[in-house]
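Data first, discussion second: the structure below is written as structure tokens.
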Amino acid sequence: MPFRATFSCLWCGTSQAARGSDDLAGWAQLCPTCLGRAGDNEFLRVRLRTALTERSKLEERAAERSADEAAGEAIPASDQDDWYLRRGRHARGPVLDLAWQVDLDAATVWLDGLPLGGDIVELAAGTGWWSPLLAQKGRLSIYDAAPEPLELARRRLLAHGLRAHLHVRDAWAEPDREVDGLFTGFWLGHVSRPRLGEFLRLARRWLTPGGTYALIDQRPGSGEPGSGVTHRPVEVEAALREAGFRNAVVTTTSRFFLLGRADT
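Here the working numbering is used: the first residue of the sequence shown is 217, the next is one more, and so on.
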């Protein structure tokens, strides 16, 4: 039964008004007294279980809508490195920050071990946190939709004595060529669930036969605020296969990140 702001209790018949949209009484359509007696009455127990289920479904849908609305809201360029380094407003305390650093190191080692080479494109590169590592593997082009983070990425590469082709380009823009490797770091969190397959098909079109797509992203349940949409490993693996990739493998670090790769 749907939520009712005002109702007559289904057991005792008294008129009631719910305190708000999360008031269990309005979902069960039982007065607080009868709700309290649910442990002694099968009908009341059924109504309570049904109310809990319906309220939970609504909360899940609301959370998913909020996440989808957050998709595409990028961290400002001046703040992106602080997010990676857990500085300032992104600090979560010594224990969580250490766990984050351990996972970040694990993700870096994983990416460094991938057989990426030749022509490599990094989409939505931001300030280029991963760009120096990628630039050591092949001829790197990094793209972002805004010029400000790309300038910071250029400085990062120069500080490492490395070079790359930098261009202002939206991650959703159609590929202008085929390359050997494609990487996205924390981009899928800006891709809503209905569009995940669409983006992965675009990623597939970037790659030559035998090319590799690699991704690092936020894992569900990490507790990291402002992470946008999070996709479960099995969902991303299935979407990669449906997009035409082979050998799709998506794993996780101990707490925070998704690590995924697939071949064409």
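Note that the Cβ used here is the ideal one computed from N, Cα and C, for glycine as well.
- prompt: Are the beta-carbon atoms of arginine 496 and valine 445 separated by less than 9 Å?
  reply: Because the chain is modelled from 217 through 480, residue 496 falls outside the range shown and cannot be assessed.
- request: Tell me where the alpha helix (DSSP H) around serine 408 begins and ends.
  value: Start at 1 with the first residue of the sequence shown, and residue 408 comes out as number 192. Note, serine 408: premise wrong, no alpha helix (DSSP H); not H, not E.
message: Distance check for threonine 269 and threonine 324, CA to CA, integer angstroms please.
response: Within the sequence shown, numbered from 1, the residue matching residue 324 stands at position 108. Within the sequence shown, numbered from 1, the residue matching residue 269 stands at position 53. Threonine 324 and threonine 269: Cα-Cα distance of roughly 41 Å.
task: Measure the C-alpha to C-alpha separation of arginine 411 and tyrosine 359 and round it to an integer number of angstroms.
output: Along the sequence shown, one-based indexing puts residue 411 at 195. Along the sequence shown, one-based indexing puts residue 359 at 143. Their backbone Cα atoms lie some 20 Å apart in a straight line.
message: My assumption, with CB atoms under 8 Å, is that phenylalanine 415 sits in contact with isoleucine 336. Please give the rounded CB distance.
response: Against the sequence shown, residue 415 aligns to sequence position 199. Against the sequence shown, residue 336 aligns to sequence position 120. Their Cβ separation, rounded to whole angstroms, is 18 Å, which puts phenylalanine 415 and isoleucine 336 out of contact at 8 Å.
Close beta carbons around glycine 304, own chain, < 6 Å, minus the five adjacent residues each side: For the purposes of this step, residue 304 is taken as residue 88 along the sequence shown, with counting starting at 1. These residues qualify, in order along the chain: Asp298.
- request: Would you mind reading off the limits of the alpha helix (DSSP H) that contains proline 348?
  value: Here residue 348 refers to the residue found at position 132 of the sequence shown. Where proline 348 is concerned, the enclosing alpha helix (DSSP H) stretches over 347–351.
- prompt: Where threonine 428 and glycine 334 are concerned, what is the direct C-alpha to C-alpha distance, given to the nearest angstrom?
  reply: In the sequence shown, counting from the first residue as 1, residue 428 sits at position 212. In the sequence shown, counting from the first residue as 1, residue 334 sits at position 118. About 11 Å.
message: Please state the DSSP three-state secondary structure of arginine 462.
response: What you label residue 462 is simply residue 246 of the sequence shown in a count that begins at 1. Note: arginine 462 maps to strand in three-state DSSP.
- request: Can you have a look at histidine 406 and say buried or exposed, based on whether 16 or more other CB atoms are within 10 angstroms of its CB?
  value: Within the sequence shown, residue 406 is the residue found at index 190, counting from 1. Around the beta carbon of histidine 406, 16 or more other beta carbons sit within 10 angstroms, so the residue counts as buried.
message: Classify glycine 426: buried if its beta carbon has 16 or more other beta carbons within 10 angstroms, exposed otherwise.
response: Taking the first residue of the sequence shown as 1, we reach residue 426 at position 210. With fewer than 16 other Cβ atoms within 10 Å, it is exposed.
task: Output yes or no for whether 9 Å exceeds the beta carbon distance between leucine 320 and leucine 332.
output: Translated into the one-based positions of the sequence shown, residue 320 becomes position 104. Translated into the one-based positions of the sequence shown, residue 332 becomes position 116. Taking 9 Å as the Cβ cut-off, leucine 320 and leucine 332 do not qualify as a contacting pair.
field: Span separating the alpha-carbon of proline 363 from that of arginine 370
entry: Indexing the sequence shown from 1 puts residue 363 at position 147. Indexing the sequence shown from 1 puts residue 370 at position 154. Cα-Cα distance, rounded: 11 Å.
- request: To the nearest angstrom, report how far apart threonine 222 and arginine 235 are at their CA atoms.
  value: Translated into the one-based positions of the sequence shown, residue 222 becomes position 6. Translated into the one-based positions of the sequence shown, residue 235 becomes position 19. The straight-line gap from Cα to Cα measures roughly 10 Å.
task: Under 8 Å Cβ to Cβ from threonine 468, same chain only, skipping five residues before and after it: list those, please.
output: Here the question's residue 468 lines up with position 252 in the sequence shown. Within the same chain, threonine 468 has close Cβ partners Arg435, Pro449, Leu474, Leu475.
field: Sheet register partners of glutamine 317 (DSSP bridge)
entry: Along the sequence shown, read from residue 1 onward, the residue named residue 317 stands at position 101. Within the DSSP secondary-structure output, glutamine 317 pairs in no beta bridge.
field: Euclidean distance between Cα positions of tryptophan 210 and phenylalanine 219
entry: This structure leaves residue 210 out entirely; the chain is present only between 217 and 480.
- prompt: Residue range of the alpha helix (DSSP H) that arginine 370 falls in?
  reply: Locating residue 370 in the sequence shown gives position 154, where the first residue counts as 1. Arginine 370 -> alpha helix (DSSP H) spans 363–375.
message: Mapping the DSSP letters down to three states, classify valine 445 as helix, strand or coil.
response: In the sequence shown, counting from the first residue as 1, residue 445 sits at position 229. Looking at valine 445 - three-state DSSP - the assignment turns out to be coil, as it is neither helix nor strand.
- prompt: Considering alanine 430, what are the terminal residues of the beta strand (DSSP E) in which it resides?
  reply: Counting from one through the sequence shown, the residue named residue 430 turns up at place 214. Where alanine 430 is concerned, the enclosing beta strand (DSSP E) stretches over 423–434.
query: Would a C-beta distance cut-off of 9 Å place alanine 459 and leucine 330 closer than the cut-off?
result: The residue given as residue 459 occupies position 243 in the sequence shown. The residue given as residue 330 occupies position 114 in the sequence shown. It is not a contact, given that the beta carbons lie outside the stated cut-off.
- request: Give the DSSP-derived three-state secondary structure of aspartate 392 in the structure shown.
  value: The sequence position of residue 392 within the sequence shown is 176, counting from 1. Residue state, collapsed to three classes: coil.
task: Apply the 10 Å Cβ neighbour rule to glutamate 285 and answer buried if 16 or more other Cβ atoms are within range, or exposed otherwise.
output: Counted from its first residue, the sequence shown places residue 285 at position 69. Note that glutamate 285 scores 44 on pLDDT, short of 50, meaning its location in the model is unreliable and no value can be drawn from it.
task: Could you say which of His376, Ile432, Asp396, Gln245 lies nearest to threonine 480 if we only look at CA atoms?
output: As a first step, residue 480 must be located in the sequence shown, where it is residue number 264. For threonine 480, the nearest C-alpha among the options comes from Asp396.
- prompt: Which of the three DSSP states, helix, strand or coil, is assigned to leucine 240?
  reply: Translated into the one-based positions of the sequence shown, residue 240 becomes position 24. In this structure, leucine 240 counts as helix in the three-state DSSP scheme.
field: Residue-chain proximity (valine 466, chain D), Cβ-Cβ < 9 Å
entry: Of the protein chains in the structure, only one exists, and it is not chain D.
task: Report all residues from its chain with a CB closer than 6 Å to the CB of alanine 315; omit the five preceding and five following residues, and keep chain order.
output: In the sequence shown, the residue the question calls residue 315 occupies position 99. If we look at alanine 315 and ignore the five residues flanking it on each side, its Cβ neighbours are Arg471.
message: Just to confirm, is the Cβ distance from alanine 340 to glycine 401 under 9 Å?
response: Start at 1 with the first residue of the sequence shown, and residue 340 comes out as number 124. Start at 1 with the first residue of the sequence shown, and residue 401 comes out as number 185. A contact, by the Cβ cut-off of 9 Å.
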